[in-house]
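Encoded as structure tokens, the structure appears first; notes follow it.
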Amino acid sequence: MGNNDNLSIIAARIAGWVTRREGKKFLQLKDNPPDPSVPADKAGRDDWASLYVHIPFCRTLCPFCCFNRYLLDEKKAHRYFVNLKKEVEMYHQRGFRFSDVYFGGGTPTVMMDELVSFLDFLKQHFTVRQISLETTHREVNKETLDALKKAGVNRLSIGVQSFDNQLLKDMGRVIGTGEEAIEKLKMAQGMFDTVNADFIFNFPTQTPAMFEKDVATFKALGIDQATFYPLMPSPHKKTRLERRFSQVDTSREKQFYDIILQELFEGGYKASTAWCFSRGDRLIDEYIIDYDDYIGVGAGSVGFLNGDFLVNTFSLDKYDELISAGKLPLVSWRRLSEREHLRYYLLTKLFGMSLDPQKFHQRFHADMNGSLRWELTFFRTFGLVKGNSRINVTPRGMYTMCVMQKEFFAALNTLREKYIEKQV
Ligand SMILES: C[S@@+](CC[C@H](N)C(=O)[O-])C[C@H]1O[C@@H](n2cnc3c(N)ncnc32)[C@H](O)[C@@H]1O
Ligand code: SF4
4 MGNNDNLSII AARIAGWVTR REGKKFLQLK DNPPDPSVPA DKAGRDDWAS
54 LYVHIPFCRT LCPFCCFNRY LLDEKKAHRY FVNLKKEVEM YHQRGFRFSD
104 VYFGGGTPTV MMDELVSFLD FLKQHFTVRQ ISLETTHREV NKETLDALKK
154 AGVNRLSIGV QSFDNQLLKD MGRVIGTGEE AIEKLKMAQG MFDTVNADFI
204 FNFPTQTPAM FEKDVATFKA LGIDQATFYP LMPSPHKKTR LERRFSQVDT
254 SREKQFYDII LQELFEGGYK ASTAWCFSRG DRLIDEYIID YDDYIGVGAG
304 SVGFLNGDFL VNTFSLDKYD ELISAGKLPL VSWRRLSERE HLRYYLLTKL
354 FGMSLDPQKF HQRFHADMNG SLRWELTFFR TFGLVKGNSR INVTPRGMYT
404 MCVMQKEFFA ALNTLREKYI EKQV
């Protein structure tokens with residue numbers, strides 16, 4: 004291992020540790036969240052906050068999954084979509100307007116009629132310009148693709164994880180084979196502004212050689228974009244298989260990440276984030292990067308508004324209960340301190356590969372280099388960023404940004420675990 008590699012790992016460890024510690028502060032939450040309101044200077048505008056919509060249903064549950072998801076129950080899902088409209092309506096009444104919408108899950112396409120009706124509803128209320136949506140390749144067929152295109156979806160993200168059938172089996176991902184994933188990706192490619200494929204790396208039984216093969220197959224397919232998630236601990240711990248994914252061995256992680264850098268970053272793909280690599284400029288899934296503020300709707304979503312971190316209930320029953328009572332389903336919140344807010348901003352922007360001093364000034368009315376003096380000195384000393392006015396992440400810094408984001412997610416997973424288990 005070269006000196007540069009050692010430095011990169013040391014920097015990632017330090018930055019990862021600090022991020023996890025900062026992330027844990029996010030979890031010191033309070034009850035009785037404030038009623039969200041639009042700041043006076045943003046009234047009537049739809050360009051300052053994005054909307055995240057969580058659809059927590061799946062046909063089968065992957066044991067490694069770290070998101071809030073439940074086995075599909077059509078009756079419950081129907082009720083859920085009715086409630087989602089009511090929740091959006093409540094934000095609309097409070098003056099919120101959105102133009103960019105991101106659907107995550109779960110699997111947002113499990114009830115296509117409901118989804119299309121919900122998209123129509125959004126378009127009646129807002130001037131929707133961009134829609135990003137996640138699904139699995141099992142859901143993809145000609146009819147679904149046509150319906151999504153007609154409904155105005157711009158970015159379709161299809162969960163692949165790996166093309167290796169033995170690895171898929173080890174993961175407990177029972178939704179189909181690698182060959183089927185290839186067929187569905189080919190079917191979708193070209194139909195949307197961006198087609199993305201999600202992969203996971205650093206699985207216990209995954210070898211770097213297996214991963215290299217997955218990356219090569221992705222490249223050969225010519226798909227627009229790939230997002231590579233480092234395996235993160237699962238908050239679901241009921242089954243033996245789920246418990247297997249509650250701890251993650253990080254010692255091999257950089258070896259996998261270097262394959263991404265070599266094959267994609269040095270192979271002509273652009274890093275849209277430290278996890279996401281695109282052919283040319285593409286829409287990305289990271290509403291936290293493009294927007295400083297975002298509202299989350301649905302069970303298990305979180306939002307960020309003017310320095311307030313807002314958490315919805317994770318329980319389907321409680322979600323139904325609160326919305327039926329005409330209340331927003333927010334259950335917890337935290338007002339970040341000035342320092343926490345600055346560091347959260349730094350984390351999200353560097354994950355998106357650059358920091359813009361003008362945008363920083365607009366947000367904090369302060370000088371970026373002064374306000375983030377210590378943090379930027381650390382990043383510069385290790386050669387992780389470059390530039391004095393606009394700051395860009397260097398190739399050496401990318402692994403650190405990957406680890407920081409993962410550690411922040413890991414901290415959030417502690418919250419997910421508690422809220423799922425206790426059905427908060
Ligand atoms: C939450 S899923 C939603 C999309 C769709 N249901 C699917 O399975 O692809 C989005 C992506 O999160 C990633 N993911 C889920 N659990 C993860 C974990 N424990 N660690 C890392 N990535 C994970 C997977 O790559 C997955 O495709
Ligand atoms: S990875 Fe996707 S399909 Fe699997 S349980 Fe999670 S959200 Fe559902």
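In terms of the numbering used here, the sequence shown opens at residue 4 and continues consecutively. Cβ coordinates follow ideal geometry from the N, Cα and C atoms, glycine included. Note that the coordinates shown come from a computational prediction; the quantities given were computed from them, not determined experimentally.
Can you find a heavy atom of ligand 1 that lies under 7 Å from the Cβ of residue i?
i: L234; result: yes
i: S237; result: yes
i: C69; result: yes
i: Q164; result: yes
i: F206; result: no
i: D201; result: yes
i: F248; result: yes
Under 7 Å: does the beta carbon of residue i sit that close to some heavy atom of ligand 2?
i: C279; result: no
i: R72; result: yes
i: T139; result: yes
i: C61; result: yes
i: L64; result: yes
i: T110; result: yes
Is the closest heavy atom of ligand 4 to the C-beta of residue i under 7 Å?
i: L325; result: Ligands present in the displayed structure are limited to ligand 1 and ligand 2, and ligand 4 is not among them.
How big is the Cα-Cα spacing for residue i and residue j?
i: K152; j: E137; result: 13 Å
i: K126; j: R132; result: 9 Å
i: P360; j: Y347; result: 15 Å
i: R2; j: P238; result: The question about residue 2 has no answer, for the chain in this structure spans 4 to 427.
i: L118; j: T220; result: 31 Å
i: N9; j: M401; result: 14 Å
i: F29; j: S335; result: 11 Å
i: P111; j: G301; result: 11 Å
i: K187; j: R72; result: 23 Å
i: F317; j: L325; result: 12 Å
i: W292; j: L349; result: According to the sequence shown, residue 292 is Ile rather than Trp. When rounded, the distance between both Cα atoms is 10 Å.
i: L333; j: P36; result: 7 Å
i: Y322; j: V56; result: 14 Å
i: L122; j: N86; result: 14 Å
Looking at C-alpha atoms only, which residue of the options is the closest neighbour of residue i?
i: F84; options: L319, V156, S102; result: L319
i: M190; options: G98, E215, D149; result: D149
i: G109; options: F204, S374, C69, H128; result: C69
i: Q365; options: T403, R399, N309; result: N309
i: I185; options: N315, M356, I161, F259; result: I161
i: S53; options: H95, F248, A274, A414; result: H95
i: D173; options: E183, L244, Y297; result: L244
i: V218; options: K187, I263, T197; result: I263
i: A80; options: L349, I58, A229; result: I58
i: P42; options: I423, V163, R100; result: R100
i: C61; options: Y297, G107, V21; result: G107
i: S11; options: T384, G270, R24, A274; result: T384
i: L415; options: I178, P37, T22; result: T22
i: P211; options: Q265, P236, D201; result: Q265
i: A154; options: G175, V104, V427, N315; result: V104
i: L234; options: Y260, L224, F363, T242; result: Y260
i: E142; options: M407, P236, G179, S304; result: G179
i: K78; options: M114, R246, G355, R16; result: M114
Taking the Cβ atom as the reference point for each residue, do residue i and residue j lie within a distance shorter than 8 Å?
i: E90; j: L331; result: yes
i: L345; j: S374; result: yes
i: N168; j: S135; result: no
i: D231; j: W278; result: The sequence shown places Phe at residue 231, not Asp. Yes.
i: R3; j: P39; result: Outside the shown range of the chain, which is 4 to 427, sits residue 3, and nothing can be said about it.
i: T197; j: D227; result: yes
i: T63; j: V177; result: yes
i: L387; j: T380; result: no
i: L32; j: R338; result: no
i: F67; j: G175; result: yes
i: R282; j: Y294; result: no
Start-end ranges of the alpha helix (DSSP H) lying completely within the region 279-360, minimum 4 residues:
290-293, 319-327, 341-354
Within the region 50-138, ranges of the beta strand (DSSP E) (whole runs, at least 3 residues)
52-58, 103-108
List in chain order: all unbroken beta strand (DSSP E) runs of 3+ residues lying wholly within the region 192-263.
Fully enclosed beta strand (DSSP E) runs of 3 or longer: 197-204, 228-233.
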